[in-house]
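The structure appears right after this line, and notes come after that.
Numbering (our numbering), first residue to last: -8 to 129.
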């Protein structure tokens, strides 16, 4: 094997190694509205809603496993399965005007609650509908 062929083979190996390394790295983030992200670190079972800080960190607002969200200019609504238990569905809403970088989530997040309680709040406050569902987690 010539030196050129060896170098070409090594280049292919390096490129493949980089591709496989990058494919497995980092969280999956989806911006919902403003500083709010739907994200997970390892698996989708870890999906949660967070508030992105200016330096790039993300502070949890509604913990895993969030599988549906909706939003408007005032509220974010979310459904989750606590502890990845698909038999249990909990409902939340977040009032964005009450939230900030380092605010305690209890000041802006209401929940968990049942579907019945959530429906009452939805009628009373005009909460937005759920517009994004992650069917693999539903």
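We put the beta carbon where it would ideally sit given N, CA and C, even for glycine. In this text, all values refer to a predicted model and were calculated from it rather than measured experimentally.
Asked                                                                                                                                 : Found
How is the alpha helix (DSSP H) around residue 116 delimited, first residue to last?                                                  : 106 to 116
CB-CB under 8 Å to residue 116, same chain, minus the five flanking residues each way: which ones, in chain order?                    : 66, 84
In or out: residue 78 buried (at least 16 other Cβ within 10 Å) or exposed?                                                           : exposed
Thinking C-alpha only, which one of 34, 33, 44, 36 is nearest residue 22?                                                             : 44
In terms of residue numbering, what span does the beta strand (DSSP E) encompassing residue 81 cover?                                 : 81 to 86
Around the C-beta of residue 93, are 16 or more other C-beta atoms found within 10 angstroms, so that it is buried, or is it exposed? : exposed
Determine whether the beta carbon atoms of residue 46 and residue 82 lie at a separation below 9 Å.                                   : no
Classify residue 99: buried if its beta carbon has 16 or more other beta carbons within 10 angstroms, exposed otherwise.              : buried
Specify, as a first and last residue, the run of the beta strand (DSSP E) that residue 53 falls within.                               : 49 to 53
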